[in-house]
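FYI, UniProt numbering numbers position 15 of the sequence shown as 15, with every residue one higher than the one before it.
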Amino acid sequence: MKSYMSLYEDCDRLPEYRESCYKFLIEGFSGTFGYLIPATVQSFSWGKHWEIDHD
Numbered sequence: 001m002k003s004y005m006s007l008y009e010d011c012d013r014l015p016e017y018r019e020s021c022y023k024f025l026i027e028g029f030s031g032t033f034g035y036l037i038p039a040t041v042q043s044f045s046w047g048k049h050w051e052i053d054h055d
């Protein structure tokens, strides 16, 4: 069984330049909840309750 640190090291990392990533914002929370790379945003089928801002 792998350790948590080993699993973490196996994961893909976000690019160092966050300007190209989408911010994951949740209404009612302050700040950025996380970041998504463009390929992830394009691969999702976003429902009617989601809003994608490409700017």
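Note that beta-carbon positions come from the ideal geometry of N, C-alpha and C, so glycine has one too.
Just so you know, these numbers come straight off a predicted model, no measurement behind them.
Bridge partners - residue i, DSSP secondary structure assignment
i, result
"Phe24", "Gly34"
Span of the alpha helix (DSSP H) around residue i
i, result
"Met5", "Tyr4 to Asp10"
Beta-carbon separation (whole angstroms), residue i vs residue j, contact threshold 8 Å
i, j, result
"Lys48", "Tyr35", "Going by Cβ atoms, the distance from Lys48 to Tyr35 rounds to 23 Å, so no, they are not a contact pair."
"Val41", "Ile52", "7 Å"
Proximity winner among the options, relative to residue i (alpha-carbon distances)
i, options, result
"Ser20", "Ile37, Phe44 and Lys2", "Ile37"
Minimum Cβ-Cβ distance from residue i to chain D less than 8 Å
i, result
"Ser30", "Of the protein chains in this structure there is only one, and it is not chain D."
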